[in-house]
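**Q** Have a look at the structure that comes next, please.
Protein chains: 2
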Amino acid sequence: MFIRPGVAPIRLQRQHQAHPHQHGGQQCRPHRRAPSVLSHRLSLNPRAHRDKTIRTRNGYHRCPPDLNTRSAVKFAVIGLNHGHIYGQVEGLLTIPGAQFVGFAAVEDDLAAQFAARYPDVPRRTKSELLADPAIDLIASASINAERGPLGVETLRAGKHYFVDKPPLTRLEDVDAIEAALQASGKMMFVFYGERMSCQFDIKAKQLVQQGAIGEIVHVMGLGPHRLNAPSRPSWFYDPAQYGGTFNDIASHQVEWFVWITGQRIKSFSSRIGRFGSPAPAPASFEDFADATITGENGVTGYVRVDWFTPEKSPIWGDVRGLIVGTKGTIEIRRTINLAAKDDADRKGHMLMTTHELPPHRVDCSQVLIEWPTQIAQSLQQNRNLLLDHDTLLHVMRQTVRMQREATRVR
Amino acid sequence: MFIRPGVAPIRLQRQHQAHPHQHGGQQCRPHRRAPSVLSHRLSLNPRAHRDKTIRTRNGYHRCPPDLNTRSAVKFAVIGLNHGHIYGQVEGLLTIPGAQFVGFAAVEDDLAAQFAARYPDVPRRTKSELLADPAIDLIASASINAERGPLGVETLRAGKHYFVDKPPLTRLEDVDAIEAALQASGKMMFVFYGERMSCQFDIKAKQLVQQGAIGEIVHVMGLGPHRLNAPSRPSWFYDPAQYGGTFNDIASHQVEWFVWITGQRIKSFSSRIGRFGSPAPAPASFEDFADATITGENGVTGYVRVDWFTPEKSPIWGDVRGLIVGTKGTIEIRRTINLAAKDDADRKGHMLMTTHELPPHRVDCSQVLIEWPTQIAQSLQQNRNLLLDHDTLLHVMRQTVRMQREATRVR
Numbered sequence: 001m002f003i004r005p006g007v008a009p010i011r012l013q014r015q016h017q018a019h020p021h022q023h024g025g026q027q028c029r030p031h032r033r034a035p036s037v038l039s040h041r042l043s044l045n046p047r048a049h050r051d052k053t054i055r056t057r058n059g060y061h062r063c064p065p066d067l068n069t070r071s072a073v074k075f076a077v078i079g080l081n082h083g084h085i086y087g088q089v090e091g092l093l094t095i096p097g098a099q100f101v102g103f104a105a106v107e108d109d110l111a112a113q114f115a116a117r118y119p120d121v122p123r124r125t126k127s128e129l130l131a132d133p134a135i136d137l138i139a140s141a142s143i144n145a146e147r148g149p150l151g152v153e154t155l156r157a158g159k160h161y162f163v164d165k166p167p168l169t170r171l172e173d174v175d176a177i178e179a180a181l182q183a184s185g186k187m188m189f190v191f192y193g194e195r196m197s198c199q200f201d202i203k204a205k206q207l208v209q210q211g212a213i214g215e216i217v218h219v220m221g222l223g224p225h226r227l228n229a230p231s232r233p234s235w236f237y238d239p240a241q242y243g244g245t246f247n248d249i250a251s252h253q254v255e256w257f258v259w260i261t262g263q264r265i266k267s268f269s270s271r272i273g274r275f276g277s278p279a280p281a282p283a284s285f286e287d288f289a290d291a292t293i294t295g296e297n298g299v300t301g302y303v304r305v306d307w308f309t310p311e312k313s314p315i316w317g318d319v320r321g322l323i324v325g326t327k328g329t330i331e332i333r334r335t336i337n338l339a340a341k342d343d344a345d346r347k348g349h350m351l352m353t354t355h356e357l358p359p360h361r362v363d364c365s366q367v368l369i370e371w372p373t374q375i376a377q378s379l380q381q382n383r384n385l386l387l388d389h390d391t392l393l394h395v396m397r398q399t400v401r402m403q404r405e406a407t408r409v410r
Numbered sequence: 411m412f413i414r415p416g417v418a419p420i421r422l423q424r425q426h427q428a429h430p431h432q433h434g435g436q437q438c439r440p441h442r443r444a445p446s447v448l449s450h451r452l453s454l455n456p457r458a459h460r461d462k463t464i465r466t467r468n469g470y471h472r473c474p475p476d477l478n479t480r481s482a483v484k485f486a487v488i489g490l491n492h493g494h495i496y497g498q499v500e501g502l503l504t505i506p507g508a509q510f511v512g513f514a515a516v517e518d519d520l521a522a523q524f525a526a527r528y529p530d531v532p533r534r535t536k537s538e539l540l541a542d543p544a545i546d547l548i549a550s551a552s553i554n555a556e557r558g559p560l561g562v563e564t565l566r567a568g569k570h571y572f573v574d575k576p577p578l579t580r581l582e583d584v585d586a587i588e589a590a591l592q593a594s595g596k597m598m599f600v601f602y603g604e605r606m607s608c609q610f611d612i613k614a615k616q617l618v619q620q621g622a623i624g625e626i627v628h629v630m631g632l633g634p635h636r637l638n639a640p641s642r643p644s645w646f647y648d649p650a651q652y653g654g655t656f657n658d659i660a661s662h663q664v665e666w667f668v669w670i671t672g673q674r675i676k677s678f679s680s681r682i683g684r685f686g687s688p689a690p691a692p693a694s695f696e697d698f699a700d701a702t703i704t705g706e707n708g709v710t711g712y713v714r715v716d717w718f719t720p721e722k723s724p725i726w727g728d729v730r731g732l733i734v735g736t737k738g739t740i741e742i743r744r745t746i747n748l749a750a751k752d753d754a755d756r757k758g759h760m761l762m763t764t765h766e767l768p769p770h771r772v773d774c775s776q777v778l779i780e781w782p783t784q785i786a787q788s789l790q791q792n793r794n795l796l797l798d799h800d801t802l803l804h805v806m807r808q809t810v811r812m813q814r815e816a817t818r819v820r
């Protein structure tokens, strides 16, 4: 068992041009190899000890003082099929008193890599973990199509569920999750890491709420990704297990639309296509997907994802967000600034221009990453503070519908 | 009469961060005031004299040698309602032997400003110009809704027609133009200046044709504009005269999609809305429009235009184009690079990243602006080399349909 020792801080080394969630700069992909030891090493941070601020690669997490005594969440992991699981675990371990009590994976290679990172955490079976009454929460980054059913099992076993995106792949999953949430009274948290672990997005939301750019007119989310076709596990190319490119990647952008605008989705128009991914990507593999989205109040959105990041790109994906308001514009470059002439200026940034302020980069370096705190507080208050269940179910249902109802252009 | 004196060159001063077509950096709008004298002054360019290259603010125009003796196009102008007309005239005057023989405008203030720029060109009536058998071509940047009917009159008067975008506002206009083209045997040229006068776009087209980024998967065109509501003429706020924001601005992007992909439009999904433009913009004024476009071969496009450029933006519009290919990506910043940290690096640029080449800016400074030459050659060969009429009619019809069939989101 790995017990998070009181408020002793964890510090994760910051990595240049890193993905905002859990992996290096070259590729965002299902997990195959062990993450760099260097990028995950622990070290003490005296400053954090004093003010209970914990700094991770993605920014600061300040733990609410009353969490220290009242919270002692015990969690386990089931499913290691995407490297995001490391980011999920790291975040959970920033919660004071958090105890990581076990993990399950059917793949021995993934389990061995994970065990190397968490040598004190025992490997157990999925059944054992689900049956263990001491476990409060199950975290998972299993195969996409298994995430929905695992959520139902987890909730019905009386545990909270913290799952990587995409949280599920079928409309039936949404219905089953909805029923399980209601029957169990437990909570489901989805790791929409692109915005949850991104200081720019957290700051942007604050600025929008403060009215810095007026009312939102339009949001655009672009998520190109590098495929590196031969490196993918076999389930990735099985549509039944993978669930489609729109659902896999654009689940980020769809949730972002709802979160940043505060609006439900009234209508959408989506497309998928296959334009030319190399073998072993099968004919069924979709390498392009996009959608226009209209919110209840008329706010407009556009999302595009693809698997065409060029091989010589220094980043797995030049992921961007744009928010057009009636009084200003915010542009987020989450991963890289390729428009910079100087390599030293290639880090991502957030740019804001308004009726009052000329174009300027907003300093987000001190913004707190909130999701571990929000999960901890949710458990304390028995209320989902990360994303209320009505909104979460809406987002999941709409995302799957956009995938299933997309026009195949090619 | 203003006669372009043989091959003596015209050199127009280059302006930092200027609109690729004819106006300064603060606002792209229908014409109200005289353009800066400085930005239009003529000067001799000895190098140009030697190799018959003429440099304008937008780049080089090299006149084909055989144009000198065989071409002596006589043109006139009818309608000065958008400042683009200055760019149109300047381009035409780079054609060796071109003669600018008269202009007509019902607005005395616009006529006075124009006359100050071309003091040797007589102001005449529209009827006189259309009836003058010596005139080969009529150029126009009249009120949007008058452009289609003027085109029909011009063609049926036996003259070629060179009109600013949007070329028309109604489906009936397209039908009437089609009939007039057929009946007259004359040609129609539309000034889609965003790409026609942009060195980046010309270079991008060459790179695409050379296969530099593989097959095109997706193109995206973004055209935010500054409204400056009180500065607009009254016709701008009359939907019947203006013809809608999609048709007005996105006519650029729709034509660009067809031109750069080489594909006809198979289907589209468009939206318009009004989110909050200040008075005197009426309730009918659309300040947002976008569309997804699918080409015959499945290639995908997305275009967005709006009137929400923030007041403190240093540019009237941060106009961009993105081309995602199977083997590389091209990003065009036509007007400005706000992602630059250093003000000196804020000029627009074209960035390309491929499977072979890391991100790099493509030098386009020596790219020739081709459209005046193409018009001159079209007149010589009696064949529209700028955009064949079938394609032009297709583009115009689709653009008007996208405007008329758009979903009103707000």
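Those protein sequence lines, which keep their order, are chains A and B.
If you read the first sequence in my numbering, its first letter stands for residue 1, the second for the next number, and so on.
If you read the second sequence in my numbering, its first letter stands for residue 411, the second for the next number, and so on.
We put the CB at the ideal spot given by N, CA and C, even for glycine.
1) For my contact list, G221 (chain A) and Q253 (chain A) are in at a C-beta cut-off of 8 Å; report their separation, rounded to the angstrom.
2) Among the residues of its own chain, which have a CB less than 6 Å from the CB of P166 (chain A), if the five just before and after it don't count?
3) Using a C-beta to C-beta distance shorter than 8 Å, which residues of chain A count as neighbours of D716 (chain B)?
4) Tell me whether D109 (chain A) is buried or exposed, calling it buried when 16 or more other Cβ atoms sit within 10 Å of its Cβ.
5) Using a C-beta to C-beta distance shorter than 8 Å, which residues of chain A count as neighbours of P768 (chain B)?
6) Using a Cβ-Cβ cut-off of less than 7 Å, list which residues of the segment 162 to 183 of chain A approach chain B; keep chain order.
7) Distance, Cα to Cα, A112 (chain A) vs S231 (chain A)?
8) Which residues share a DSSP beta bridge with D201 (chain A)?
9) Please classify F191 (chain A): does DSSP put it in a helix, a strand, or coil?
10) Measure the alpha-carbon distance for S234 (chain A) versus A240 (chain A) and round it to whole angstroms.
11) If you follow the alpha helix (DSSP H) that H389 (chain A) is in, where does it begin and where does it stop?
12) Per DSSP, what kind of secondary structure is Y237 (chain A) in: helix, strand or coil?
13) Assuming P372 (chain A) is part of the alpha helix (DSSP H), what are its boundary residues?
14) Closer than 7 Å to a non-hydrogen atom of the ligand FMN - does that hold for the CB of K575 (chain B)?
15) At a Cβ cut of 7 Å, what residues of the segment 679 to 697 of chain B count as close to chain A, listed as they run along the chain?
16) To the nearest angstrom, how far is the alpha carbon of D121 (chain A) from that of I138 (chain A)?
17) Less than 8 Å between CB atoms is the rule here; does R636 (chain B) satisfy it with respect to chain A?
18) Closer than 6 Å by C-beta to G301 (chain A): which residues in its own chain qualify, once you throw out the five before and the five after it? Chain order, please.
19) Grab the span of the alpha helix (DSSP H) containing S594 (chain B) for me, first residue to last.
20) Report, in whole angstroms, the separation of the C-beta atoms of M402 (chain A) and S270 (chain A), which I expect to be a contact under 8 Å.
21) Where does M737 (chain B) fall in DSSP's three states?
22) Could you tell me whether the Cβ of A212 (chain A) comes closer than 8 Å to any Cβ of chain B?
23) Would a check of beta-carbon distances place G672 (chain B) closer than 8 Å to chain A?
24) Kindly give me the distance between the Cβ atoms of A155 (chain A) and K186 (chain A), rounded to whole angstroms, as I take these residues to be in contact under 8 Å.
25) Please list the partners that L748 (chain B) has in chain A, where partner means a Cβ-to-Cβ separation under 9 Å.
26) So for T710 (chain B), helix, strand or coil by DSSP?
27) In the DSSP assignment, find the unbroken alpha helix (DSSP H) run with A116 (chain A) in it and report its ends.
28) Which stretch, first to last residue, makes up the beta strand (DSSP E) that contains F485 (chain B)?
29) Going along the segment 702 to 714 of chain B in order, which residues come within less than 9 Å of chain A, judged by CB to CB distance?
30) Where does P559 (chain B) sit, in a helix, a strand or coil, going by DSSP?
31) Shortest alpha-carbon distance to P358 (chain A) belongs to which of B:T719, B:M806, B:N794 and B:H570?
32) Give me the residue from B:T739, B:R730, B:A508 and B:E538 with the minimum Cα distance to G317 (chain A).
33) V367 (chain A) and Q199 (chain A) look like a contact to me (Cβ under 8 Å); what is the Cβ gap, rounded to whole Å?
34) For S365 (chain A), which of A:F114, A:R334 and A:G321 has the nearest alpha-carbon?
35) Taking the C-alpha atoms as reference points, what is the distance between T69 (chain A) and F103 (chain A)?
36) Would you kindly report the start and end of the unbroken beta strand (DSSP E) that includes H218 (chain A)?
**A** Taking the structure as given:
1) Between G221 (chain A) and Q253 (chain A) the beta-carbon gap is near 3 Å, inside 8 Å, which marks them as a contact.
2) Cβ neighbours of P166 (chain A) beyond the five flanking positions: N144, N247, D248 and S251.
3) Ordered by position in chain A, the residues that pass the 8 Å Cβ test against D716 (chain B) are V217, H218 and V324.
4) So D109 (chain A) counts as exposed.
5) K312, S313 and P314, listed in chain order.
6) Using a CB distance below 7 Å, no part of the segment 162 to 183 of chain A faces chain B.
7) Cα to Cα, A112 (chain A) sits roughly 19 Å from S231 (chain A).
8) Partner residues in a beta bridge of D201 (chain A), as assigned by DSSP, do not exist.
9) F191 (chain A) falls in the strand class under three-state DSSP.
10) Taking the straight line from one Cα to the other gives about 11 Å.
11) H389 to R404 is the extent of the alpha helix (DSSP H) around H389 (chain A).
12) Looking at Y237 (chain A) - three-state DSSP - the assignment turns out to be helix.
13) If you look at P372 (chain A), you'll find it in the alpha helix (DSSP H) that goes W371 to Q381.
14) This structure simply doesn't include the ligand FMN, nor any ligand for that matter.
15) Flagged, chain order: S679, R681, G683, F685 and G686.
16) The sequence shown places Val at residue 121 (chain A), rather than the Asp named in the question. Going by the C-alpha atoms only, they are around 14 Å apart.
17) Judged by the 8 Å Cβ criterion, R636 (chain B) is not in contact with chain A.
18) So the qualifying residues of the chain are V219, F257 and I293.
19) Secondary structure note for S594 (chain B): its alpha helix (DSSP H) is the uninterrupted segment L581 to S594.
20) At roughly 4 Å, the Cβ-Cβ gap stays under 8 Å, so M402 (chain A) and S270 (chain A) are in contact.
21) Residue identity check: residue 737 (chain B) is Lys in the sequence provided, not Met. K737 (chain B) sits in coil when the DSSP states are folded into three classes, being neither helix nor strand.
22) For A212 (chain A), no Cβ of chain B is located within less than 8 Å of the residue's own Cβ.
23) By this cut-off, G672 (chain B) is not an interface position.
24) In the sequence as displayed, the identity of residue 155 (chain A) is Leu instead of Ala. Indeed, because the Cβ distance is near 5 Å, the residues count as touching under 8 Å.
25) Contact annotation for L748 (chain B) against chain A: E331, A339, L351, T353 and P359 [CB-CB distance below 9 Å, chain order].
26) If DSSP states are grouped into helix, strand and coil, T710 (chain B) belongs with the strands.
27) Run containing A116 (chain A): D108 to R117, per the alpha helix (DSSP H) assignment.
28) Looking at the DSSP string, the run of the beta strand (DSSP E) that includes F485 (chain B) is K484 to L490.
29) Listed by position, the residues of the segment 702 to 714 of chain B near chain A (Cβ gap below 9 Å) are T702, T704, G705, N707, G708, V709, T710, Y712 and R714.
30) The answer is helix: DSSP assigns P559 (chain B) an H, G or I state.
31) Minimum Cα distance to P358 (chain A) is reached at B:T719.
32) Ranking B:T739, B:R730, B:A508 and B:E538 by Cα distance to G317 (chain A) puts B:T739 first.
33) Sure, about 4 Å apart at Cβ, within 8 Å.
34) S365 (chain A) has its Cα closest to that of A:R334, out of A:F114, A:R334 and A:G321.
35) In this predicted model, T69 (chain A) has a pLDDT of only 41, less than 50, meaning its place in the structure is not dependable; the value taken from the coordinates is given anyway. Near 25 Å, if we compare the C-alpha coordinates of F103 (chain A) and T69 (chain A).
36) Element bounds for H218 (chain A): I216 to P224.
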